[in-house]
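Novice:
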Amino acid sequence: MAMFDDPRKYLRKMDEELRAEREEEDQAAFNASLDALLTEDTPENDWLREVEALLNEKPDTVSFQPSPGKTQADIRSAQLDPQDHRMVREEAPKKKKGVGGLLLLLFLELAAIGGIVLWWIGWLN
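Last residue of the sequence shown: number 120 in the numbering used here, and the count goes up by one each step with no gaps.
Given below as structure tokens:
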């Protein structure tokens, strides 16, 4: 008697069951035809078998995500080693930091300020 309570619900349920059953039949037919095609010995099938074998292999995974604490220079200096496809870190040459340029700029600014002060004093006289 539950059928008469909500006929749309019953029809929807039947429709879902039929669609699922039809999908299973279609999938089984597709798999059967695919198996029949793949069992033939042709160059295309050999190539497909190679591709399938390569896709099923588990590759060595290399993460290119920077770790916390790595600087951009560390990331840029890391290169792929062509022999084993792993990240190899090369040490970047250390740059010497100096203050010579800053001292030169300081003396130039002081000379410019002194020149302006002298010009102003001369202009006042």
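The C-beta atom is built at its ideal place from N, Cα and C for all residues, glycine as well.
Using beta-carbon positions only, say whether asparagine 40 and leucine 33 come within less than 8 Å of one another.
Specialist: yes
Novice: Would you mind reading off the limits of the alpha helix (DSSP H) that contains asparagine 26?
Specialist: 2 to 34
Novice: Taking only the alpha-carbon atoms, compute the straight-line gap between alanine 107 and glutamate 86 and give it to the nearest angstrom.
Specialist: Looking at the backbone, the Cα of alanine 107 and that of glutamate 86 are separated by about 43 Å.
Novice: In this structure, how does DSSP classify glutamate 47 when only helix, strand and coil are distinguished?
Specialist: helix
Novice: Could you pull out every residue in the same chain whose Cβ sits closer than 7 Å to the Cβ of glycine 93, ignoring the five residues on either side in sequence?
Specialist: none
Novice: Any idea what DSSP makes of asparagine 120, helix, strand or coil?
Specialist: coil
Novice: Rounded to whole angstroms, what's the CA-CA distance from glycine 110 to leucine 119? Just pull it up for me.
Specialist: 14 Å
Novice: Under three-state DSSP, which class holds glycine 93?
Specialist: coil
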